[in-house]
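In terms of UniProt numbering, the sequence shown opens at residue 1 and continues consecutively. The structure appears right after this line, and notes come after that.
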Amino acid sequence: MTDIRFDGRVAIVTGAGNGLGKTYALELARRRARVVVNDLGGSGSGTGASAMAAELVVQEIRDAGGEAIANADSVATREGGNAIVQAALDTWGKVDVLISNAGFLRNNRFEDLTDQEIDPIIDVHLKAAFYVGQPAYRAMRAKGYGRILFTGSASAMFGHAWQANYAAGKGAMLGLSNVVAIEGSAYGITSNVILPTASSRLEAEMTPGFMEIPEFAKAFQNADFSLAQERIGPEFNTPLALYLVSEACTATHGVYSCNSGRYARVRICAAEGWVSPKGSVPPTLEQIASNFEQICTLGEYTEPMTPYDEFTSAVKAARKQGVYP
Numbered sequence: 001m002t003d004i005r006f007d008g009r010v011a012i013v014t015g016a017g018n019g020l021g022k023t024y025a026l027e028l029a030r031r032r033a034r035v036v037v038n039d040l041g042g043s044g045s046g047t048g049a050s051a052m053a054a055e056l057v058v059q060e061i062r063d064a065g066g067e068a069i070a071n072a073d074s075v076a077t078r079e080g081g082n083a084i085v086q087a088a089l090d091t092w093g094k095v096d097v098l099i100s101n102a103g104f105l106r107n108n109r110f111e112d113l114t115d116q117e118i119d120p121i122i123d124v125h126l127k128a129a130f131y132v133g134q135p136a137y138r139a140m141r142a143k144g145y146g147r148i149l150f151t152g153s154a155s156a157m158f159g160h161a162w163q164a165n166y167a168a169g170k171g172a173m174l175g176l177s178n179v180v181a182i183e184g185s186a187y188g189i190t191s192n193v194i195l196p197t198a199s200s201r202l203e204a205e206m207t208p209g210f211m212e213i214p215e216f217a218k219a220f221q222n223a224d225f226s227l228a229q230e231r232i233g234p235e236f237n238t239p240l241a242l243y244l245v246s247e248a249c250t251a252t253h254g255v256y257s258c259n260s261g262r263y264a265r266v267r268i269c270a271a272e273g274w275v276s277p278k279g280s281v282p283p284t285l286e287q288i289a290s291n292f293e294q295i296c297t298l299g300e301y302t303e304p305m306t307p308y309d310e311f312t313s314a315v316k317a318a319r320k321q322g323v324y325p
């Protein structure tokens, strides 16, 4: 297999001063990408700021013979997002790759979450994806090529107690990426979501309070972590992340999981379900109740890639069930 390289490509990695983002930036540079290493330099809970984190990664890249610049603008403001992208344009004249990775945690019970625990999380995950993503997308569209990778989380896709704020921000990446993938398909731009699993400094923000939820605690206690030993470092996520933003990868509109060295596509699908009787009268609640098991049974399923695909799959199910000819 031919080596996958990024010669001549310009990549922006947000939150690249530590953890996942740092491994992405280092490997991109090793494979000859020119990298904007963005990091505000805050803590795992999003407090404080320092340019040092980004500068140290840039120095490591340059010491190894690579090209990189440091940027400490905040992804959580439109001005900061524009400045990050403009740094790439001013230095190298284009943007080919965006890995939207910056983030932090502020855990609490759903009912106890304050505005100070909700707003900054939404800002750094959801709004930042727009603030950096929009100017990057415009630059990519102008050149007819781009690769965008948004960072989601298993906490959003599958659920994690005491992380309603984080899950809401990360879950939004799915909807955002799906739309960017559809619109970007006209301009050579792909968009995907990665669900990384990594041991990082964010673990310090993971209080054990979530163990108060019996069923969730049971899932944690019964989980088999044997594969995870020595396989949950940030670097185990890097190969998939970089493949998804490489020229070699044309996949788009997808969600991909990394866990303990297992890489898998995560799909949103629709069961065949139950089709209500023919005609213009909606079913009753009682009819829904009596057919709920069939509604929930996966059976033959479809994977709608647009809302309109679901109309087509509904007709297919209706015909199969004899409701419509």
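All C-beta atoms, glycine included, are put in the ideal place defined by N, C-alpha and C. Owing to the predicted nature of the structure, the values given are computational and were not obtained by experimental measurement.
Assuming THR252 contacts THR151 (C-beta within less than 8 angstroms), just tell me the rounded distance between them.
-> At roughly 16 angstroms, the Cβ-Cβ gap does not stay under 8 angstroms, so THR252 and THR151 are not in contact.
Simplified DSSP assignment, three categories, for ARG147 = strand
Any chance the stretch 231 to 241 sits against the stretch 47 to 67, with 3 or more Cβ pairs inside 8 angstroms?
-> no
Return helix, strand or coil for THR23, following the three-state DSSP convention.
-> helix
Measuring CA to CA, which of TRP92, SER185, THR77, GLU300 is closest to ASP7?
-> TRP92
Reducing DSSP to helix, strand and coil, say where VAL275 ends up.
-> Residue state, collapsed to three classes: coil.
Select from HIS160, GLN86, ILE4 the residue whose C-alpha is nearest the C-alpha of GLY209.
-> HIS160
Could you check where the alpha helix (DSSP H) with ASN165 kicks off and where it finishes?
-> 164 to 184
In chain order, what residues of the same chain lie with their CB nearer than 7 angstroms to the CB of GLY233, ignoring the 5 residues before and after it?
-> ALA198, SER199
Boundaries (first-last residue) of the alpha helix (DSSP H) holding ASN18 | Element bounds for ASN18: n/a, residue is neither H nor E.
Rounded to a whole number of angstroms, what is the C-alpha to C-alpha distance between LYS278 and ALA154?
-> Straight-line Cα distance between these residues: approximately 40 angstroms.
C-beta atoms of ARG147 and TYR187 nearer than 7 angstroms | Taking C-beta atoms as the reference points, ARG147 and TYR187 fail to come closer than 7 angstroms.
Where do the N-terminal and C-terminal ends of the beta strand (DSSP E) with ALA83 fall, by residue?
-> Careful: ALA83 lies outside any beta strand (DSSP E), inside the alpha helix (DSSP H) at 78 to 92.
Cα separation between PRO291 and ALA156?
-> The sequence given here places Asn at residue 291; Pro does not occur at that position. Those two C-alpha atoms are separated by around 29 angstroms.
Using a threshold of 7 angstroms, state whether the C-beta atoms of ILE121 and ARG106 are closer than that.
-> In this structure, ILE121 places its C-beta atom within 7 angstroms of the C-beta atom of ARG106.
Under three-state DSSP, which class holds CYS269?
-> coil
For TYR131 versus ARG78, is the C-beta distance shorter than 7 angstroms?
-> Taking C-beta atoms as the reference points, TYR131 and ARG78 count as a pair closer than 7 angstroms.
Inter-residue spacing [alpha-carbon to alpha-carbon] between GLU215 and GLN163 | The straight-line gap from Cα to Cα measures roughly 16 angstroms.
Use the C-beta contact count for VAL75: other C-beta atoms within 10 angstroms, 16 or more gives buried, fewer gives exposed.
-> buried
Ends of the beta strand (DSSP E) at ALA11?
-> 10 to 13
Option in ASP3, MET211, SER226 with minimal Cα separation from ASN108 = Cα-wise, what sits closest to ASN108 is MET211.
Cβ neighbour criterion (16 or more within 10 Å) applied to residue 331 = Beyond the ends of the chain as shown, which are 1 and 325, falls residue 331; an answer cannot be given.
Where do the ends of the alpha helix (DSSP H) carrying ARG319 lie?
-> Per DSSP, the continuous alpha helix (DSSP H) segment holding ARG319 begins and ends at 307 to 320.
ALA264: buried (16+ other C-beta within 10 angstroms of its C-beta) or exposed?
-> exposed
Rounded to whole angstroms, what's the CA-CA distance from LEU113 to ASN165? Just pull it up for me.
-> 8 angstroms
Would ALA139 pass as a contact of VAL180 if the rule is Cβ separation under 7 angstroms?
-> no
Residues near PRO283 in its chain [Cβ-Cβ closer than 6 angstroms; skip 5 each side] | SER276
Taking Cβ positions, are GLU303 and ARG267 nearer each other than 7 angstroms?
-> yes
Within this structure, are the beta carbons of SER149 and LEU89 separated by less than 7 angstroms?
-> The sequence as given places Leu at residue 149; Ser does not occur at that position. Not closer than 7 angstroms, so no.
Three-state secondary structure assigned by DSSP to ILE194 = strand
Other residues of its chain near GLY169: CB distance less than 6 angstroms, five sequence neighbours each side excluded = Here the set comprises ILE121, ILE122, HIS125, LEU126.
Along the chain, where does the beta strand (DSSP E) that runs through ASN222 open and close?
-> Not the beta strand (DSSP E): ASN222 falls in the alpha helix (DSSP H), residues 214 to 222.
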